[in-house]
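Position one of the sequence shown corresponds to residue 0 (numbering that gives the first Met the number 0), numbered consecutively onward. Ideal Cβ positions, reconstructed from N, Cα and C, are used throughout, including at glycine. These notes are about the structure you will find just below.
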Amino acid sequence: MRNVIISTNKLCKTFSNGGMQQHVLKNLDIEIFEGDFTIIMGSSGAGKSTLLYALSGMDKPTLGSIKFFDEEITKLSNDKLAVFRRANCGFVFQQMFLMDNMSILDNILMSGLLLSKDRKEITARAKELLIQVGLDETIWRKFPTQLSGGEAQRAAIVRALINQPKVVFADEPTGSLNSAAGKAVLDLLTEVNNKGQSVIMVTHDLKSARRGNRILYMRDGVIHGVCDLGKYISGDRERHIKLQGFLTEMGW
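This is the structure we're talking about:
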């Protein structure tokens, strides 16, 4: 039996827009399992990113609750929630949000030192991860503007992994990358998942979605369907056919 790491109960999120109430998430009951590569898909405006930010504690719901390893994070103060995210969550976005006035290595160390004061240990881990993602010493002291999009995104993933988070949250991480750089990012997230870390990723891209073992399809603020694909195996044609069939059924 798989362990549930994140669960929601009657999760709702409402925004006010010109005096009108926009209900983006509607009474969602969801379970996210430990070790899964969970994909959230759906058309624009379905609530995908809103759900991702709620699950990670980056945004508070209007109603309902979220439990993260049995701790109800919706009851935490903003300060305690920030500490919780720092210890448990890693974030990868389409926009890298790297500090332009800091080197790549210093961007990563800054995140690591927020949780640990052992600079030597954090530096060693950062360098190990950078090498693992194919960024050698010639890159470490460069600034983000000196890197290609794929290099910057891999650096951003290292920053997300530096504190060894239990869950990596990714919002369209390949959306602005070319196919080669996008594949490198997906390969890295797949490798991280294969080593036991849970990944939750929002995507519009079919190639990206194939990396997941569980697909949640959203429509109008609710989960419209779920597809279980099993662990990713490169070149698995049956996986591709199953996912396409599911998405066609969902009206994707």
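Asked: Helix, strand or coil: which one does DSSP assign to residue 167?; Found: strand
Asked: By DSSP, does residue 157 sit in helix, in strand, or in coil?; Found: helix
Asked: In its own chain, which residues sit with a C-beta less than 7 Å from the C-beta of residue 12, not counting the 5 before and 5 after it?; Found: 23, 24, 49, 53, 60 and 61
Asked: Helix or strand or just coil, what does DSSP make of residue 25?; Found: strand
Asked: Rank 20, 51 and 107 by C-alpha distance to the C-alpha of residue 169 and give the top, closest one.; Found: 51
Asked: Of all the options 152, 213, 198 and 162, which has the alpha carbon lying nearest to the alpha carbon of residue 183?; Found: 152
Asked: Closest by CA to residue 10, which one among 57, 73 and 148?; Found: 73
Asked: DSSP three-state call for residue 119: helix, strand or coil?; Found: helix
Asked: For residue 242, would you say it is in contact with chain B, using Cβ-to-Cβ distances shorter than 8 Å as the test?; Found: This model lacks chain B altogether; it includes just one protein chain.
Asked: Nearest-angstrom Cα distance between residue 43 and residue 119?; Found: 44 Å
Asked: Relative to the C-alpha of residue 69, which residue among 208, 154, 114 and 3 is closest?; Found: 3
Asked: Skipping 5 residues on each side, what residues in its chain have a beta carbon closer than 6 Å to that of residue 109?; Found: none
Asked: By Cβ distance, which residues of its chain are closer than 6 Å to residue 229, with the 5 residues on each side in sequence left out?; Found: 212
Asked: Using the rule of at least 16 other Cβ atoms within 10 Å of the residue's Cβ for burial, across every protein chain shown, is residue 98 buried or exposed?; Found: exposed
Asked: Expressed to the nearest angstrom, what Euclidean distance is found between the alpha-carbon atoms of residue 181 and residue 77?; Found: 34 Å
Asked: Out of 33, 243, 235 and 172, which has the shortest C-alpha to C-alpha gap to residue 165?; Found: 33
Asked: Under a Cβ-count criterion, where at least 16 other Cβ atoms within 10 Å of its own Cβ denotes burial, should residue 56 be classed as buried or exposed?; Found: buried
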